[in-house]
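Structure first, commentary second.
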Amino acid sequence: MPHAHIAVGNVDDAIAHLSKIDRSPLFLLVDLQDSVMTLSDLSRLAEVREPSVQVVALGERNDVGLFRSLLKLGVRDYLVKPLTVELLKRTINVSEGKINQVTLSRAGKTIAFAGTRGGVGVTTIALNLARHLAEDTHRRVAYVDLNLCGGAANSMLGHPKQQRSLRRAAKRQPSRPAICRTHARREEHAPFRAVRRTRLRRRREFEPGALKRVIKPLCDSFHYVIVDVADPGNALAKEALDHASRAYLVADRSVHSTRETIRLLRFIEDRDNNPPTSLVLNNPNAVVAGKIAPDDLVSAVGRSALHEVQFEPKALATAENLGEAPAEKAPNGFNQAIARIVGDLTGQTAVSERSFLRKFKLERK
Numbered sequence: 005m006p007h008a009h010i011a012v013g014n015v016d017d018a019i020a021h022l023s024k025i026d027r028s029p030l031f032l033l034v035d036l037q038d039s040v041m042t043l044s045d046l047s048r049l050a051e052v053r054e055p056s057v058q059v060v061a062l063g064e065r066n067d068v069g070l071f072r073s074l075l076k077l078g079v080r081d082y083l084v085k086p087l088t089v090e091l092l093k094r095t096i097n098v099s100e101g102k103i104n105q106v107t108l109s110r111a112g113k114t115i116a117f118a119g120t121r122g123g124v125g126v127t128t129i130a131l132n133l134a135r136h137l138a139e140d141t142h143r144r145v146a147y148v149d150l151n152l153c154g155g156a157a158n159s160m161l162g163h164p165k166q167q168r169s170l171r172r173a174a175k176r177q178p179s180r181p182a183i184c185r186t187h188a189r190r191e192e193h194a195p196f197r198a199v200r201r202t203r204l205r206r207r208r209e210f211e212p213g214a215l216k217r218v219i220k221p222l223c224d225s226f227h228y229v230i231v232d233v234a235d236p237g238n239a240l241a242k243e244a245l246d247h248a249s250r251a252y253l254v255a256d257r258s259v260h261s262t263r264e265t266i267r268l269l270r271f272i273e274d275r276d277n278n279p280p281t282s283l284v285l286n287n288p289n290a291v292v293a294g295k296i297a298p299d300d301l302v303s304a305v306g307r308s309a310l311h312e313v314q315f316e317p318k319a320l321a322t323a324e325n326l327g328e329a330p331a332e333k334a335p336n337g338f339n340q341a342i343a344r345i346v347g348d349l350t351g352q353t354a355v356s357e358r359s360f361l362r363k364f365k366l367e368r369k
């Protein structure tokens with residue numbers, strides 16, 4: 005820490021030093037060990053220091069009441085001696101010139117979904133996972149589709165004013181897609197939000213940090229922010245991966261998808277954020293001869309798949325056209341696979357497994 009000043013003394017000496025210097029320090033660490041009237045001494049110190057000075061108090065009393073009183077006086081943190089180098093490093097961020105916050109506001113988690121190729125089913129899995137989180141686990145969920153020109157999330161969610169026409173079009177002429185400009189549906193228990201699509205002729209570049217300004221306020225209001233990464237190589241997708249607390253990579257059983265899986269896993273791991281990444285194996289088409297076996301794909305990639313989603317021939321297509329949740333109820337079907345992924349994301353799977361093991365041990369006793 006350059007330009008540091010260290011002196012032996014008490015609070016009065018610190019007040020005298022601050023009164024005579026021309027430029028206030030960035031940090032001020034004060035030892036309160038010999039202070040008889042701690043709060044009074046720090047109040048006098050506050051009168052001579054500038055508000056920008058970040059104060060850390062040192063003492064020997066592990067007193068919660070004293071800590072709360074010090075915070076009210078503007079002290080950033082209170083450290084109980086003996087001090088260690090690691091404790092000081094965790095408290096003072098010299099590179100950013102600030103004291104690390106004692107309490108952090110609880111924020112939602114950003115979950116990124118990326119695909120290894122087009123048509124692998126990223127939007128289908130990510131959107132239904134968001135719907136399951138909102139409707140079955142009662143979480144507040146925001147869905148962000150980074151495919152600003154041709155994303156399918158809006159039509160898969162449906163729009164209240166055009167819901168009837170969409171239903172009629174899908175039921176009357178299932179071979180002809182209904183095309184419309186739409187917003188995402190917002191339900192009382194499933195507050196999804198989306199932005200109107202960008203016209204193809206209005207493609208624009210975004211300045212660095214643009215996605216962060218969108219995700220941060222969403223994380224303040226929602227438990228989960230699901231980001232559908234359209235193209236992992238563009239700037240917005242890179243920002244999404246840099247701010248994601250968890251990433252899911254969706255692949256299918258093809259040679260091209262296997263190669264892209266290896267490449268994308270390395271791409272995510274090389275980023276500064278390096279979020280925990282899980283591989284989801286999807287079967288968007290019927291499994292026929294010539295598909296890579298799951299064991300061979302896992303062996304080539306070097307990691308096992310978190311879950312494999314089986315092919316669903318009818319329910320997903322009907323749900324997409326009608327803007328509804330899939331009605332499929334097979335024991336090992338699509339909805340059950342989504343529920344298992346949600347359990348992994350929320351930690352409910354681990355809790356249920358621990359409960360089962362505890363119950364099994366009690367029964368054995």
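The sequence shown begins at 5 in our numbering and counts up one residue at a time. We treat Cβ as the ideally placed atom computed from N, Cα and C, and that holds for glycine.
Contact between the region 263-270 and the region 132-141 is defined here as three or more beta-carbon pairs at a separation below 8 Å; is this criterion met?
In this structure the region 263-270 does not lie against the region 132-141, because fewer than three pairs of beta carbons, one per stretch, are closer than 8 Å.
So, under 8 Å CB-CB, Ala343 and Pro330 are touching, yes? Tell me the CB distance rounded to an integer number of Å.
On the sequence shown, residue 343 is found 339 positions in, with the first residue counted as 1. On the sequence shown, residue 330 is found 326 positions in, with the first residue counted as 1. Between the beta-carbon of Ala343 and that of Pro330 there is about 12 Å, and that puts the pair past the 8 Å contact cut.
Applying the criterion that 16 or more other CB atoms from any shown protein chain within 10 Å of the CB defines a buried residue, is Gln58 buried or exposed?
To locate residue 58, count along the sequence shown from 1; it is residue 54. When all chains shown are included, Gln58 counts as buried.
Which listed residue (Asp38, Gly69, Ser47 and Leu269) has its alpha carbon closest to that of Leu62
As a working mapping, residue 62 is identified with position 58 in the sequence shown. Nearest C-alpha to Leu62: Asp38.
Got a sec? Which residues, its chain only, sit under 8 Å from Ser47 by beta carbon, not counting five neighbours each side?
Here residue 47 refers to the residue found at position 43 of the sequence shown. The residues are Leu77.
Judging by CA-CA distance, which residue of Ser225, Glu312 and Val52 is the nearest neighbour of Asp26?
The residue you call residue 26 lines up with position 22 of the sequence shown. Of the candidates Ser225, Glu312 and Val52, the residue whose Cα lies closest to the Cα of Asp26 is Val52.
Alpha carbon of Ala156 to alpha carbon of Leu33, nearest angstrom
Indexing the sequence shown from 1 puts residue 156 at position 152. Indexing the sequence shown from 1 puts residue 33 at position 29. Each residue's Cα considered, the two are about 55 Å apart.
Kindly indicate if chain E contains any beta-carbon less than 8 Å away from that of Ala111.
The chain labelled as chain E is not found in the depicted structure, where only one protein chain is given.
Nearest to Gly154 (by Cα), restricted to the options Val233, Val40, Ser258 and His7
The residue labelled residue 154 in the question sits at position 150 within the sequence shown. Looking at the Cα atoms, Val233 is the closest of the given residues.
Is it the case that the Cβ atoms of Leu285 and Ala304 are separated by a distance below 8 Å?
On the sequence shown, residue 285 is found 281 positions in, with the first residue counted as 1. On the sequence shown, residue 304 is found 300 positions in, with the first residue counted as 1. Contact annotation: Leu285 and Ala304 have beta-carbon atoms that are not nearer than 8 Å.
Find out if the Cβ-Cβ distance for the pair Val313, Asn287 is shorter than 8 Å.
Within the sequence shown, residue 313 is the residue found at index 309, counting from 1. Within the sequence shown, residue 287 is the residue found at index 283, counting from 1. Against a cut-off of 8 Å, the Cβ pair of Asn287 and Val313 comes out as a contact.
Output needed for Asn289: all residues of its chain with C-beta closer than 7 Å, excluding positions within five of it in sequence on either side, in chain order.
Working through the sequence shown from its first residue, we reach residue 289 at position 285. These residues qualify, in order along the chain: Phe315.
From the DSSP output, in three-state form, read off Asp81 for me.
If you number the sequence shown from 1, residue 81 lands on position 77. It is a strand residue.
Span of the beta strand (DSSP E), counted from its first residue to its last, around Lys220:
Locating residue 220 in the sequence shown gives position 216, counting from the first residue. Boundaries around Lys220 are those of the alpha helix (DSSP H), Ala214 to Ser225, since no beta strand (DSSP E) includes it.
What does the alpha-carbon distance come out to for the pair Arg80 and Ser282?
Sequence index remark: in the sequence shown, residue 80 carries index 76 (1-based). Sequence index remark: in the sequence shown, residue 282 carries index 278 (1-based). So the alpha carbons of these two residues sit roughly 38 Å apart.
Assuming Arg250 and Ile115 are in contact, meaning their beta carbons sit under 8 Å apart, how far apart are those beta carbons, in whole angstroms?
Against the sequence shown, residue 250 aligns to sequence position 246. Against the sequence shown, residue 115 aligns to sequence position 111. Contact flag correct, Cβ pair sits at about 5 Å.
Please tell me whether Tyr228 and Phe117 are closer than 8 Å, where the distance is taken between their beta carbons.
Taking the first residue of the sequence shown as 1, we reach residue 228 at position 224. Taking the first residue of the sequence shown as 1, we reach residue 117 at position 113. Against a cut-off of 8 Å, the Cβ pair of Phe117 and Tyr228 comes out as no contact.
Can the beta-carbon of Leu150 be found closer than 8 Å to that of Val231?
Here residue 150 corresponds to residue number 146 of the sequence shown, with the count starting at 1. Here residue 231 corresponds to residue number 227 of the sequence shown, with the count starting at 1. Cβ atoms of Leu150 and Val231: closer than 8 Å.
Looking at the unbroken beta strand (DSSP E) that takes in Asp16, where does it start and where does it end?
Your numbering for residue 16 matches position 12 in the sequence shown. First-last for Asp16: Val15 to Lys24, but that is the alpha helix (DSSP H), not the beta strand (DSSP E).
Considering only their Cβ atoms, is the gap separating Asp224 from Ala111 smaller than 8 Å?
For this step, residue 111 is matched to residue 107 along the sequence shown. For this step, residue 224 is matched to residue 220 along the sequence shown. Their beta carbons are under 8 Å apart, which means Ala111 touches Asp224 by this criterion.
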